[in-house]
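First to last, the sequence lines map onto chains B and Y. Numbered by the working numbering, the letters in the first sequence go through residues 227 to 522 in order. Numbered by the working numbering, the letters in the second sequence go through residues 227 to 522 in order. We treat Cβ as the ideally placed atom computed from N, Cα and C, and that holds for glycine. All of these numbers come straight from a predicted model, not from anything done at the bench. Written out below as structure tokens is the structure these notes cover.
Protein chains: 2
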Amino acid sequence: MSISPNWIALDWGTTHLRGWAMSAGNTVLAEAHSDRGMGTLTPSEFPAAFAELTRDWTAAPAIACGMVGARQGWIEAAYQAVPCTPLPTSFTKAPTNAASVHIIPGLSQSSPADVMRGEETQIAGFLALNPGWDGVLCMPGTHTKWVQISAGEVVSFQTCMTGDLFAAISGHTVLKHSVVSDDWDDAAFAEALSDTLSRPEKLAARLFALRAEGLLHGLGNATAKARLSGLLIGAELAATKPYWLGQQIGIIGAGPVADAYVKALASQGAPATVADGPRVTLAGLTAAWTILKGQL
Amino acid sequence: MSISPNWIALDWGTTHLRGWAMSAGNTVLAEAHSDRGMGTLTPSEFPAAFAELTRDWTAAPAIACGMVGARQGWIEAAYQAVPCTPLPTSFTKAPTNAASVHIIPGLSQSSPADVMRGEETQIAGFLALNPGWDGVLCMPGTHTKWVQISAGEVVSFQTCMTGDLFAAISGHTVLKHSVVSDDWDDAAFAEALSDTLSRPEKLAARLFALRAEGLLHGLGNATAKARLSGLLIGAELAATKPYWLGQQIGIIGAGPVADAYVKALASQGAPATVADGPRVTLAGLTAAWTILKGQL
């Protein structure tokens with residue numbers, strides 16, 4: 227028996243594509259995944275990727291968030307400039323005859339220059355699940371976002387490319403010999419974090435020492451890896467202190483990376499509550515659909 | 227007519243091998259290059275690489291510096307621990323029947339943990355060319371060394387892997403779209419350097435902005451590249467301030483990277499004199515030969 231969604235929710239990032247067949251009451255009828263992320267597609271290949279993902283479902287209007295709306299994506303959905311609500315009042319229609327796909331634009335900030343795509347939908351979802359919430363959202367990932375929320379609007383935000391840096395340093399510098407491990411060392415993480423937070427100007431002197439301590443003193447890879455993570459997240463917390471100091475903090479994410487941010491903030495006397503990423507994404511897509519359906 | 231050296235000087239690094247056929251009066255009779263660096267060789271392949279490099283020369287004892295003496299090199303030449311003179315009184319003989327090759331050990335520092343291999347020979351060369359010199363040597367490269375020299379000894383040193391970081395960030399993060407350029411922007415370098423030096427805790431907030439300014443405000447790649455370089459060298463100068471502040475500074479190196487360090491230090495009121503890298507390397511190998519020849 228085929229699935230007949232009332233509408234389709236799409237989370238279309240750089241490396242992944244995830245879809246949900248939704249009922250008129252906004253419950254999930256079916257779910258589909260694909261690795262046909264925006265980074266693997268030319269603009270003309272998006273319609274086929276969408277058709278393939280939804281091949282077992284009858285046609286329905288779709289709403290999409292993420293890098294699908296980037297300049298190199300299906301079609302550019304121009305940024306909304308902050309301060310603004312995370313979702314706009316209208317969306318960008320993708321150029322396709324076979325389906326009706328609407329794309330949620332990202333947010334931009336002129337100074338300091340910053341951009342996001344996809345996270346605005348998670349912010350909208352978090353606010354839909356937590357009406358009236360004010361504070362700072364931390365969204366850990368390759369490019370972690372720190373977002374100041376007030377009265378339902380995104381006031382300002384700051385991206386730190388800590389995950390991207392960690393991967394580049396671990397994989398493409400001399401430290402590749404020292405930090406590859408499946409294990410972890412909580413104490414080393416905490417110590418390195420505290421060191422960078424109290425003396426951020428020493429960061430550049432700490433990195434090669436991870437290699438030298440391995441050569442001279444047998445420092446293990448799990449400890450070196452946790453220390454590198456602590457140094458980099460410490461540098462991020464030092465740079466974003468105006469965002470998190472004395473604020474109500476919500477972290478959107480799950481797994482070891484979100485855990486590291488929770489522990490890091492807790493060590494600085496800044497408790498944070500954690501919200502599950504996919505759940506808030508779907509809540510945000512649902513909020514966008516609520517806006518869109520009145521216009522169809 | 228074949229070359230008959232009195233001795234052979236070798237600079238054997240990770241990616242290159244360079245040799246000089248030397249006279250009894252320590253003048254250069256001939257020079258040879260090869261790309262058979264330590265990183266491309268297993269221990270058993272070193273004798274053939276040496277034989278190939280010197281095939282046009284008659285046999286003579288050789289002295290070598292660099293990664294050839296690392297644990298993964300021809301044979302490990304155990305580090306000398308600082309404080310010490312840059313050169314030891316004896317060297318490590320490579321395991322080969324066909325030739326007499328002696329390897330100069332690197333230097334180690336227990337705390338903060340640090341190591342060097344090859345730079346100790348440049349330090350010895352610099353001191354041979356500048357007898358009685360006291361001050362700080364800056365040796366820019368993939369892993370820049372800052373070395374405190376007093377009374378002919380290396381007192382302490384600090385490695386910053388700034389070049390390695392720059393390459394990893396330029397090649398393997400989202401900034402690869404933003405910083406690849408053959409051009410340069412002096413003003414952007416100076417401004418970013420000054421920014422990190424005065425506010426090192428903000429570094430993690432500056433990097434993604436290079437991408438965002440390109441997307442939002444058309445920041446050019448040459449400017450973004452110079453700014454990235456300024457941010458990273460600024461972080462290095464912030465971390466190494468106890469080394470260079472108020473000291474006599476010598477920079478060993480040449481080309482754009484050495485120029486960047488000269489300009490960076492000058493902007494902080496710290497003038498530096500520059501010494502040519504290959505010249506000091508050969509002077510250091512000559513100083514090592516002077517020690518070795520009395521023992522053969």
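In the three-state reduction of the DSSP assignment, E302 of chain Y falls in the coil class.
Under the 8 Å criterion on CB atoms, K428 of chain B is classed as interfacial with respect to chain Y. Contact check between the stretch 282–296 of chain Y and the stretch 250–266 of chain Y: three or more CB pairs, one atom from each, fall below 8 Å, which counts as touching. In the three-state reduction of the DSSP assignment, D340 of chain B falls in the strand class. Contact of S382 of chain Y with chain B is not assigned, every C-beta pair being separated by 8 Å or more. When the beta-carbon positions are compared, I330 of chain Y and A514 of chain Y come within less than 8 Å of each other. Taking a contact as a CB-CB distance under 8 Å, the pair L355 of chain Y and V405 of chain Y does not count as one, their CB atoms being some 37 Å apart.
Against D485 of chain Y, chain B offers no close residue; the least beta-carbon distance is about 20 Å (beta-carbon pairs closer than 9 Å). Annotation note: the stretch 354–401 of chain Y contains the following uninterrupted alpha helix (DSSP H) runs of length 4 or greater, listed N- to C-terminal: 388–398. Excluding five sequence positions before and after E345 of chain B, the CB atoms of its chain that fall closer than 6 Å to its own CB belong to M365 and K371, given in chain order. Of all residues in the stretch 322–353 of chain B, the ones placed with a Cβ closer than 7 Å to any Cβ belonging to chain Y are S334, S336, P338, A339, D340 and V341, in chain order. The criterion of a C-beta distance shorter than 8 Å is satisfied by V400 of chain B and H369 of chain Y. Between A307 of chain Y and S336 of chain Y, the CB-CB gap stays under 8 Å. Counting of Cβ neighbours within 10 angstroms places Q348 of chain B among the buried residues, the total reaching 16 or more.
G251 of chain Y and G358 of chain Y have their alpha carbons spaced roughly 23 Å apart.
Three or more beta-carbon pairs separated by less than 8 Å link the stretch 447–462 of chain B to the stretch 419–432 of chain B, which places the two stretches in contact.
In the structure shown, G239 of chain Y adopts coil according to DSSP, grouped into three states. With 16 or more neighbouring CB atoms inside 10 Å of its own CB, S396 of chain B falls in the buried class. E462 of chain Y reaches chain B at A430, counting residues in chain order whose Cβ is nearer than 7 Å. According to the DSSP assignment, S424 of chain Y belongs to the alpha helix (DSSP H) that extends over D412 to S424.
Taking 9 Å as the upper bound on Cβ-Cβ separation, chain Y lies near residues T385, C386, M387, T388, D390, L391, A393, A394, I395, G397 and H398 of the stretch 385–398 of chain B. The beta carbon of L279 of chain Y is closer than 7 Å to those of L243, G245, A258 and S260 in its chain, skipping five residues each way along the sequence. When secondary structure is reduced to three states using DSSP, V405 of chain Y falls in the coil class, being assigned neither helix nor strand. The beta-carbon separation of G510 of chain Y and A480 of chain Y, rounded to 16 Å, does not stay under the 8 Å limit for a contact. Rounded to the nearest whole angstrom, the C-alpha separation of F272 of chain Y and D409 of chain Y is 39 Å. For V400 of chain B, the chain Y residues whose Cβ falls inside 9 Å of its Cβ are T368, H369, M387 and D390, in order along the chain. No Cβ-Cβ contact shorter than 8 Å links A325 of chain B with A274 of chain B. Residue-level contact check: E257 of chain B does not touch chain Y, since none of the beta carbons of chain Y fall below 8 Å from its beta carbon. Comparing alpha-carbon positions, the option among B:R297, B:A492 and B:H328 lying closest to L267 of chain B turns out to be B:R297. L279 of chain Y: member of the alpha helix (DSSP H) spanning F272 to L279, first to last residue. In this structure, P269 of chain B and W300 of chain B form a Cβ contact; the two beta carbons are roughly 6 Å apart against a cut-off of 8 Å. If you compare the alpha carbons of B:K451, B:G351 and B:I517 with that of L436 of chain B, the shortest gap goes to B:K451.
Short of 6 Å from the beta carbon of K319 of chain B, and not among the five residues preceding or following it, lie these beta carbons of its own chain, in chain order: H328. For V506 of chain Y, the enclosing alpha helix (DSSP H) starts and ends at G503 to K519.
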